[in-house]
Amino acid sequence: MIPYGHQSVDDDDVAAVLAVLKGDWLTQGPAVEAFEAKLQAVTGATYAVAFANGTAALHAAVAAAHLGPGDAIATSALTFNADAACARYVGATPVLIDVDPATLNLDASRIPDCDALIAVHFAGLPVDLTALPHRPRVLIEDASHAVGAVTPDGPVGGCQRSDMTTFSFHPVKTITTGEGGAVTTNDAELAGRLRRFRHHGITPHPEKGGWHYDVSELGFNYRLTDLQAALGTSQLAKLDRFVSRRNELADRYRQLLADTDVELPPNAPAGYVHAYHLFPVRVPNRDDVYRRLRDEGVGVQVHYVPVYHHSMWADLGWRVEDFPQTEAVYREILSIPMFPDLTVDEQDRVVDALLRAVAGGRD
Ligand SMILES: *Cc1c(COP(=O)(O)O)cnc(C)c1O
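All residue numbers for the sequence shown refer to our numbering, where the first residue is 204 and numbers rise by one.
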């Protein structure tokens with residue numbers, strides 16, 4: 204099976220993890236600090252706080268922003284459920300925004316009245332935050348798909364127009380730590396709250412005796428391990444190569460699929476770099492194409508089952524009719540293989556199978 208996404212782990216990544224395994228720190232220690240420093244350098248943010256996974260990073264971001272009961276947190280209708288779930292983790296209410304079919308991102312011109320916005324950079328194409336008609340009290344970017352993406356403001360994660368940016372380092376994402384995540388910010392107070400939230404809400408008080416600490420707020424154990432962080436630092440050194448290889452593959456897909464019944468994903472506008480975590484095409488007979496490609500060993504995937512489809516949200520009364528654009532996209536969308544180690548031969552196989560499947564679905 205050619206998967207839709209796959210990590211690229213080389214001998215130097217393995218060596219970096221082994222070096223930590225033979226050292227003194229296994230859980231959060233100096234390797235996490237080094238990873239955070241590298242993430243700061245890559246994004247341009249003043250602070251980076253590593254987390255156990257991207258969902259923990261989202262939970263921490265909404266908690267650090269003091270969002271809670273009575274607050275409305277808006278996000279895209281077409282994203283992973285975690286972007287809505289993090290609202291419920293803190294007792295806030297998620298509000299979904301229909302997508303703009305031209306970008307597959309949330310339609311920035313339709314931001315509802317809300318306390319916070321989580322702008323998800325779908326597939327690795329940054330949301331144009333300059334298009335927001337008003338800035339909610341809290342603006343969080345979910346860059347799970349977009350480490351390595353660039354906007355006219357600079358690298359995604361620099362938080363030029365947002366309070367915080369969250370990342371995921373799950374193996375299908377652009378760089379991996381196995382499981383892992385992070386939040387970047389330029390706000391010292393938010394960074395402090397994020398760190399406490401990750402570590403049981405603990406504030407050390409060495410002035411009262413070396414052992415002394417106070418648990419000043421509710422926190423979690425959301426730490427990344429040094430083993431994972433070592434992998435992350437080694438992976439971040441290759442970020443530019445990973446992103447340019449993804450862009451090369453995207454260009455090649457665009458050439459091979461031009462003038463066919465396969466609708467190509469949105470391009471990055473001038474001044475932007477697309478991170479291409481995903482290459483989501485649209486095909487008229489999607490369910491049939493999904494089955495045919497899977498049967499032929501091409502591991503396509505659907506990103507995503509829209510958030511309002513999930514039964515856990517029944518109490519909020521979301522209706523399919525409220526999200527016509529997302530619904531139309533969902534019927535046709537299909538992520539085809541996209542990862543740095545995908546070979547040109549494999550890509551040709553994918554395109555050949557895809558075009559046959561699209562044609563085969565018609566009478
Ligand atoms: C992957 C992902 C997450 C969650 O990250 P995990 O590391 O799997 O917890 C959140 N939001 C989006 C958009 C994602 O793609």
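All C-beta atoms in this analysis are idealised placements derived from N, C-alpha and C, irrespective of residue type, glycine included.
Determine the direct distance from the alpha carbon of residue j to that of residue i, and round the result to whole angstroms.
i, j, result
"V350", "V547", "24 Å"
"R455", "G413", "59 Å"
"I536", "P339", "30 Å"
"R449", "L519", "38 Å"
"L299", "N488", "27 Å"
"A319", "D214", "42 Å"
"H513", "L467", "27 Å"
"R364", "A562", "44 Å"
"V302", "L224", "44 Å"
"G381", "V217", "12 Å"
"D566", "V523", "In this prediction, D566 has a pLDDT of 46, which is less than 50 and means its spatial position is unreliable; nothing more can be read from the coordinates."
"P472", "A311", "15 Å"
"V484", "V465", "7 Å"
"A478", "H415", "45 Å"
"L545", "L460", "17 Å"
"A275", "D316", "8 Å"
"A268", "I343", "9 Å"
"P407", "G226", "25 Å"
"Q550", "H402", "44 Å"
"A280", "Y207", "22 Å"
"L496", "I405", "50 Å"
"D257", "E392", "Inspection of the sequence shows that residue 257 is occupied by Gly rather than by Asp. Those two C-alpha atoms are separated by around 21 Å."
"S371", "V418", "27 Å"
Shorter than 7 Å, the distance from the beta carbon of residue i to the closest heavy atom of ligand 1, or not?
i, result
"K225", "no"
"D286", "yes"
"T282", "yes"
"S419", "no"
"H373", "yes"
"E344", "no"
"L348", "For clarity, residue 348 is His in the given sequence; the question names Leu instead. Yes, ligand 1 has a heavy atom inside 7 Å of this Cβ."
"L261", "yes"
"E239", "no"
"W306", "Sequence inspection shows Thr at residue 306; the Trp mentioned does not correspond to that position. Answer for T306: no, Cβ out of range of ligand 1."
"K376", "yes"
"V323", "yes"
"E382", "yes"
"N488", "no"
"N424", "no"
"G327", "no"
"G257", "yes"
Between which residues of its own chain and residue i is the CB-CB distance below 6 Å, once the five residues before and five after are set aside?
i, result
"A251", "E239, L242, Q243, A385, T387"
"T354", "P329, Y475"
"N308", "F325, V330"
"A237", "T436"
"Q231", "R426"
"T369", "A260, L261, A264, D345, V386"
"A560", "V492, R495, L496"
"L397", "V252, A263, A267, V386"
Once you ignore the five residues that flank residue i on each side, which residues in its own chain have a CB closer than 7 Å to its CB?
i, result
"V553", "I205, V501, I539, P540"
"H262", "C289, Y292"
"F482", "A453, Y456, P468, S538, I539, M541"
Measure the Cβ-Cβ separation of residue i and residue j and say whether it is below 8 Å.
i, j, result
"H480", "A326", "yes"
"T278", "P297", "yes"
"G273", "V293", "no"
"V265", "A295", "yes"
"V359", "A352", "yes"
"S211", "P527", "no"
"L335", "I321", "no"
"A433", "A219", "yes"
"H348", "H373", "no"
"G383", "Q458", "no"
"G422", "F445", "no"
"G395", "A248", "no"
"D390", "D356", "no"
"A556", "E499", "yes"
"V510", "W516", "yes"
"L332", "T463", "no"
Within a Cβ cutoff of 8 Å, which residues of the same chain sit near residue i, ignoring the five residues on either side of it in sequence?
i, result
"P233", "D429"
"Y493", "V503, V505, L537"
"L442", "V245, V350, G351, T377, I378"
"T282", "V323, F325, D345, Y507, V510"
"D490", "none"
Every unbroken beta strand (DSSP E) inside the stretch 208 to 280 [3 residues or more]: DSSP runs (the beta strand (DSSP E)) wholly in the stretch 208 to 280: 250 to 254, 275 to 279.
Whole runs of the alpha helix (DSSP H) within the stretch 442 to 468, excluding any shorter than 4 residues: List check, alpha helix (DSSP H) in window: 442 to 460.
In the stretch 281 to 324, which residue ranges form an unbroken alpha helix (DSSP H) of at least 4 residues, counting only runs that do not cross its ends? The stretch 281 to 324 is shown to contain whole alpha helix (DSSP H) runs of 4 or more residues at 285 to 292, in chain order.
Could you tell me which whole alpha helix (DSSP H) segments of length 4 or greater appear in the stretch 362 to 403? Within the stretch 362 to 403, the complete alpha helix (DSSP H) runs of at least 4 residues are 391 to 401.
Runs of beta strand (DSSP E) lying entirely within the stretch 470 to 516, each at least 3 residues, in chain order: 482 to 485, all fully within the stretch 470 to 516.
Runs of alpha helix (DSSP H) wholly within the stretch 529 to 565 (minimum 4 residues, chain order): If you keep only unbroken alpha helix (DSSP H) runs of at least 4 residues inside the stretch 529 to 565, you get 547 to 563.
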